[in-house]
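Okay, so here's the structure we're looking at.
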Amino acid sequence: MSSAKGHEYFLKHYLGTHTNTISEECAKDEVKEVTWHDKLELGKMDLIVDLNFRMDTSALYSDIVLPAATYYEKDDLNSTDMHSFIHPLQAAVPPCWESKSDWAIFRGIAEATAELAPKYFPEPVKDIVVSPLMHDTPAELAQPQVKDWAKGECELIPGKTAPNIKVVARDYVNLARRFISLGPNFRNNGLAMHGTHFDVDDAYDDYLKTHPVERWGGNEYPSLRNDRDACNVILHFAAETNGEMAHRAYVSESIKTGIDHTHLAADTRAVRYTFDDLVARPCRSLTSPYWTGITNGRRTYSSYCQNVEELIPWRTLTGRQHLYLDHEAYIAFGENLPTFKPRGELRATRDLEQSNRGPGTIVLNYLTPHGKWHIHSTYGDTLRMKTLSRGCYPVWMNDKDADRIGLEDNDWIEMYNDHGVVCTRVIVSARIPSGICLLYHSPERTLGIPKSPERGNRRAGGHNSLTRVRLKPLFMIGGYAQFTYAFNYWGPQGVNRDTFVVIKKLPNPVY
Numbered sequence: 001m002s003s004a005k006g007h008e009y010f011l012k013h014y015l016g017t018h019t020n021t022i023s024e025e026c027a028k029d030e031v032k033e034v035t036w037h038d039k040l041e042l043g044k045m046d047l048i049v050d051l052n053f054r055m056d057t058s059a060l061y062s063d064i065v066l067p068a069a070t071y072y073e074k075d076d077l078n079s080t081d082m083h084s085f086i087h088p089l090q091a092a093v094p095p096c097w098e099s100k101s102d103w104a105i106f107r108g109i110a111e112a113t114a115e116l117a118p119k120y121f122p123e124p125v126k127d128i129v130v131s132p133l134m135h136d137t138p139a140e141l142a143q144p145q146v147k148d149w150a151k152g153e154c155e156l157i158p159g160k161t162a163p164n165i166k167v168v169a170r171d172y173v174n175l176a177r178r179f180i181s182l183g184p185n186f187r188n189n190g191l192a193m194h195g196t197h198f199d200v201d202d203a204y205d206d207y208l209k210t211h212p213v214e215r216w217g218g219n220e221y222p223s224l225r226n227d228r229d230a231c232n233v234i235l236h237f238a239a240e241t242n243g244e245m246a247h248r249a250y251v252s253e254s255i256k257t258g259i260d261h262t263h264l265a266a267d268t269r270a271v272r273y274t275f276d277d278l279v280a281r282p283c284r285s286l287t288s289p290y291w292t293g294i295t296n297g298r299r300t301y302s303s304y305c306q307n308v309e310e311l312i313p314w315r316t317l318t319g320r321q322h323l324y325l326d327h328e329a330y331i332a333f334g335e336n337l338p339t340f341k342p343r344g345e346l347r348a349t350r351d352l353e354q355s356n357r358g359p360g361t362i363v364l365n366y367l368t369p370h371g372k373w374h375i376h377s378t379y380g381d382t383l384r385m386k387t388l389s390r391g392c393y394p395v396w397m398n399d400k401d402a403d404r405i406g407l408e409d410n411d412w413i414e415m416y417n418d419h420g421v422v423c424t425r426v427i428v429s430a431r432i433p434s435g436i437c438l439l440y441h442s443p444e445r446t447l448g449i450p451k452s453p454e455r456g457n458r459r460a461g462g463h464n465s466l467t468r469v470r471l472k473p474l475f476m477i478g479g480y481a482q483f484t485y486a487f488n489y490w491g492p493q494g495v496n497r498d499t500f501v502v503i504k505k506l507p508n509p510v511y
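Residue numbers (my numbering): 1 to 511.
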């Protein structure tokens with residue numbers, strides 16, 4: 001529910017279960033390069049396995065739920081670019097009942113697979129892995145023009161005109177051993193990030209002398225057997241927690257720029273954080289080339305300080321911040337300069353082709369900001385949080401819009417379009433601009449969800465029941481400077497802000 005834009009379509013095509021979508025397929029005459037099927041596949045997945053410490057929406061729709069440890073039952077690391085401290089999760093108590101930490105669950109799956117492997121895959125199995133053209137690699141210069149090798153417009157060259165293609169060997173017999181061991185490729189290849197590279201072979205060898213190891217196949221490897229072992233490996237080799245690694249990263253950065261940046265790591269070069277250090281006291285991230293702030297001397301983290309003060313280029317085509325984008329796709333879309341574009345029109349989005357828009361209804365633009373009384377879908381179902389949020393996940397709308405259909409604050413409403421339906425309370429506020437409504441994400445389909453008269457008295461859904469995936473072509477550009485793919489950084493995303501819904505009063509909610 002949290003991330004699946006077009007939640008009802010996941011239920012329909014992914015799971016093959018009941019759904020509240022009433023939309024009709026509209027692309028039949030527009031599809032040119034794939035075969036159109038009038039009969040759609042329903043329920044494509046045979047087995048759904050979920051790791052979870054709550055019986056949330058994902059767990060309810062899963063075949064198997066593996067009970068996971070909570071934040072207070074496992075050792076783990078938690079840090080983002082918005083927090084300058086490395087935050088440890090610590091096991092205050094052991095996992096309850098049959099629950100295990102994520103790491104222990106994955107290790108158990110690896111062990112079970114390795115146990116079965118001698119019968120089915122006694123020898124390593126070759127596999128082909130396809131990966132995208134990646135940011136901060138030579139692939140950033142691969143595709144200055146949009147050409148399709150499948151149409152004969154260019155030659156098929158993996159890593160340039162096509163994705164990277166690599167053959168790997170899957171050693172299922174030794175899968176469990178490999179899961180708990182930091183392998184030799186790490187030692188031999190070193191670490192690379194943001195276009196820098198540094199060796200770690202000596203640090204790897206030193207780690208073997210002072211930390212737990214795994215011995216198999218006549219070799220010795222740093223151990224990843226337990227949660228804390230894995231955390232300590234990360235801390236030992238990350239530039240943000242090992243000053244020597246930060247120094248080496250800046251040596252590599254200095255070679256790129258022709259400017260000596262190693263002074264940024266000079267005062268912290270001897271620092272080595274361990275998991276016990278993080279537990280004992282707050283530990284800030286060390287300054288490194290992989291985050292753009294400077295935290296030396298108790299300085300507050302702020303983005304792009306290194307780019308400005310150290311003259312480290314931005315990771316763009318020119319090394320500077322860009323207002324003009326010279327890619328042919330941006331030029332074709334008229335977005336090569338900062339451009340205001342109004343929201344899409346209702347007739348273009350086709351959200352309400354089949355939905356009831358009779359008397360007592362109003363059509364509004366639908367937005368789903370980040371949660372107000374919870375973090376994504378977590379923590380929102382506690383008594384205090386439910387009290388703050390009126391016992392449900394209410395929708396906010398403008399007071400004048402509410403007056404038009406006779407709504408008062410705290411009334412129950414039905415909010416729907418062709419994709420799905422939500423039944424909840426309304427918060428009427430003059431602070432909300434006219435013409436829009438807000439539903440903070442992410443409600444669960446577990447508590448306080450009435451049935452919907454508009455959808456045959458089936459159980460209503462959550463915030464993503466009203467959305468669908470719309471891919472913007474400009475986000476599919478790759479292989480060109482800052483437009484090259486990086487996970488959770490640049491790539492295709494489901495744009496769901498141009499969504500419209502119908503709202504009407506729900507007099508007597510039924511559960």
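We treat Cβ as the ideally placed atom computed from N, Cα and C, and that holds for glycine. Here the structure is a predicted model, which is why all the values come from computation and not from measurement.
Length of the line joining the Cα atoms of residue 508 and residue 413: Here residue 508 corresponds to residue number 508 of the sequence shown, with the count starting at 1. Here residue 413 corresponds to residue number 413 of the sequence shown, with the count starting at 1. Roughly 10 angstroms separates the two Cα atoms.
Runs of alpha helix (DSSP H) lying entirely within the region 280-335, each at least 4 residues, in chain order: 305-309, 328-332
From 134, 20, 230, 359, pick the residue whose C-alpha is nearest to that of residue 417; which is it? Residue mapping note: residue 417 aligns to position 417 of the sequence shown, counting from 1. Nearest C-alpha to residue 417: 20.
What's the call for residue 241, buried or exposed, on a 16-neighbour Cβ count within 10 Å? Within the sequence shown, the letter at position 241 stands for residue 241. Counting other Cβ atoms within 10 Å of its Cβ, residue 241 reaches 16 or more and is therefore classed as buried.
Have a look at 96, 296, 161, 313 and flag the residue whose alpha-carbon is nearest the alpha-carbon of residue 195. By one-based count along the sequence shown, residue 195 stands at place 195. When only C-alpha atoms are compared, the closest one is 313.
On the DSSP bridge list, what partners appear for residue 141? If you number the sequence shown from 1, residue 141 lands on position 141. DSSP output for residue 141 lists no bridge partner at all.
Please find out if some non-hydrogen atom of the ligand ZN comes closer than 7 angstroms to the beta-carbon of residue 226. Inclusion of the ligand ZN in the displayed structure is not the case, the ligand content being empty and no account of it being possible.
Between residue 347 and residue 124, what straight-line distance do the alpha-carbon atoms span, to the nearest angstrom? Position 347 of the sequence shown, counted from the first residue, corresponds to residue 347. Position 124 of the sequence shown, counted from the first residue, corresponds to residue 124. Cα to Cα, residue 347 sits roughly 55 angstroms from residue 124.
Between which two residues does the alpha helix (DSSP H) holding residue 197 run? In the sequence shown, residue 197 corresponds to position 197, counting from 1. It is not in any alpha helix (DSSP H) - residue 197 instead sits in the beta strand (DSSP E) that spans 196-198.
Classification of residue 306 by the beta-carbon crowding that lies within 10 angstroms, buried from 16 upward: Indexing the sequence shown from 1 puts residue 306 at position 306. Label assigned to residue 306: buried.
Tell me the DSSP secondary structure of residue 501 in three-state form. On the sequence shown, position 501 is the one that residue 501 refers to. Three-state DSSP puts residue 501 in a strand.
For residue 94 versus residue 279, is the C-beta distance shorter than 8 angstroms? Translated into the one-based positions of the sequence shown, residue 94 becomes position 94. Translated into the one-based positions of the sequence shown, residue 279 becomes position 279. Not closer than 8 angstroms, so no.
Write down the C-beta distance between residue 252 and residue 197 rounded to the nearest angstrom, noting that I regard them as a contact closer than 8 angstroms. Counted from its first residue, the sequence shown places residue 252 at position 252. Counted from its first residue, the sequence shown places residue 197 at position 197. Going by Cβ atoms, the distance from residue 252 to residue 197 rounds to 6 angstroms, so yes, they are a contact pair.
According to DSSP, is residue 270 part of a helix, a strand, or is it coil? Counting from 1 along the sequence shown, the entry for residue 270 is found at position 270. It is coil, neither helix nor strand.
Is DSSP giving residue 204 helix, strand or coil here? Start at 1 with the first residue of the sequence shown, and residue 204 comes out as number 204. Residue state, collapsed to three classes: helix.
Take residue 222 as the anchor and find which of 190, 257, 184, 50 has the nearest alpha-carbon. Numbered from its first residue, the sequence shown carries residue 222 at position 222. Scanning 190, 257, 184, 50 for the CA closest to the CA of residue 222 turns up 184.
Taking the C-alpha atoms as reference points, what is the distance between residue 193 and residue 135? Within the sequence shown, the letter at position 193 stands for residue 193. Within the sequence shown, the letter at position 135 stands for residue 135. Distance from the CA of residue 193 to the CA of residue 135, rounded to the nearest whole angstrom, comes to 10 angstroms.
My assumption, with CB atoms under 8 angstroms, is that residue 504 sits in contact with residue 405. Please give the rounded CB distance. To locate residue 504, count along the sequence shown from 1; it is residue 504. To locate residue 405, count along the sequence shown from 1; it is residue 405. Yes, they are in contact, since the Cβ atoms of residue 504 and residue 405 sit about 6 angstroms apart, within 8 angstroms.
Report yes if the C-beta distance between residue 235 and residue 273 is below 8 angstroms; otherwise report no. The residue labelled residue 235 in the question sits at position 235 within the sequence shown. The residue labelled residue 273 in the question sits at position 273 within the sequence shown. Yes.
Less than 6 angstroms between C-beta atoms, sequence neighbours within five positions excluded: which residues of the same chain meet that for residue 111? To locate residue 111, count along the sequence shown from 1; it is residue 111. Here the set comprises 176.
For the pair the region 73-83 and the region 98-111, tell me if three or more CB-CB distances fall below 8 angstroms. yes
Could you compute how far the alpha carbon of residue 290 sits from the alpha carbon of residue 246? The residue you call residue 290 lines up with position 290 of the sequence shown. The residue you call residue 246 lines up with position 246 of the sequence shown. Put simply, the backbone Cα of residue 290 is about 9 angstroms away from that of residue 246.
Beta carbon of residue 144, beta carbon of residue 485: below 8 angstroms? Start at 1 with the first residue of the sequence shown, and residue 144 comes out as number 144. Start at 1 with the first residue of the sequence shown, and residue 485 comes out as number 485. Taking 8 angstroms as the Cβ cut-off, residue 144 and residue 485 do not qualify as a contacting pair.
Are residue 162 and residue 464 close, meaning C-beta to C-beta below 8 angstroms? Translated into the one-based positions of the sequence shown, residue 162 becomes position 162. Translated into the one-based positions of the sequence shown, residue 464 becomes position 464. For residue 162 and residue 464, no; Cβs fall outside 8 angstroms.
Can you grab the Cα-Cα spacing for the pair residue 365 / residue 231, in whole Å? In the sequence shown, counting from the first residue as 1, residue 365 sits at position 365. In the sequence shown, counting from the first residue as 1, residue 231 sits at position 231. So the two alpha carbons sit approximately 45 angstroms from each other.
Quick check on DSSP: helix, strand or coil for residue 103? Position 103 of the sequence shown, counted from the first residue, corresponds to residue 103. Helix.
Are residue 311 and residue 257 close, meaning C-beta to C-beta below 8 angstroms? To locate residue 311, count along the sequence shown from 1; it is residue 311. To locate residue 257, count along the sequence shown from 1; it is residue 257. With respect to the 8 angstroms criterion, residue 311 and residue 257 are classified as neighbours on the basis of their beta carbons.
Given a threshold of 16 other Cβ atoms within 10 Å of its Cβ, counted over all protein chains shown, does residue 82 qualify as buried or as exposed? What you label residue 82 is simply residue 82 of the sequence shown in a count that begins at 1. Residue 82 comes out exposed.
Taking the alpha helix (DSSP H) that residue 231 falls in, what are its first and last residues? Within the sequence shown, the letter at position 231 stands for residue 231. Counting along the chain, the alpha helix (DSSP H) containing residue 231 begins and ends at 227-237.
Look at residue 243 and residue 286 and say whether their C-beta atoms are less than 8 angstroms apart. Taking the sequence shown and counting its residues from 1, the one referred to as residue 243 is at position 243. Taking the sequence shown and counting its residues from 1, the one referred to as residue 286 is at position 286. A contact, by the Cβ cut-off of 8 angstroms.
Can you tell me which of 18, 28, 488 puts its alpha carbon nearest to the alpha carbon of residue 36? Against the sequence shown, residue 36 aligns to sequence position 36. Between residue 36 and the set 18, 28, 488, the nearest pair of CA atoms involves 28.
In terms of DSSP beta bridges, what is residue 77 paired with? For the purposes of this step, residue 77 is taken as residue 77 along the sequence shown, with counting starting at 1. DSSP, once it has assigned bridges, lists 88 as partnering residue 77.
Span separating the alpha-carbon of residue 446 from that of residue 323: If you number the sequence shown from 1, residue 446 lands on position 446. If you number the sequence shown from 1, residue 323 lands on position 323. Straight-line Cα distance between these residues: approximately 46 angstroms.
Please name the residue in 408, 325, 420, 16 whose C-alpha comes closest to that of residue 457. Here residue 457 refers to the residue found at position 457 of the sequence shown. Comparing Cα-Cα distances from residue 457 to each of 408, 325, 420, 16, the minimum goes to 420.
As a quick exercise: from 288, 166, 281, 226, pick the residue whose alpha carbon is nearest that of residue 249. Within the sequence shown, residue 249 is the residue found at index 249, counting from 1. When only C-alpha atoms are compared, the closest one is 288.
What three-state label does DSSP hand residue 130 in the structure shown? What you label residue 130 is simply residue 130 of the sequence shown in a count that begins at 1. Strand, per DSSP.
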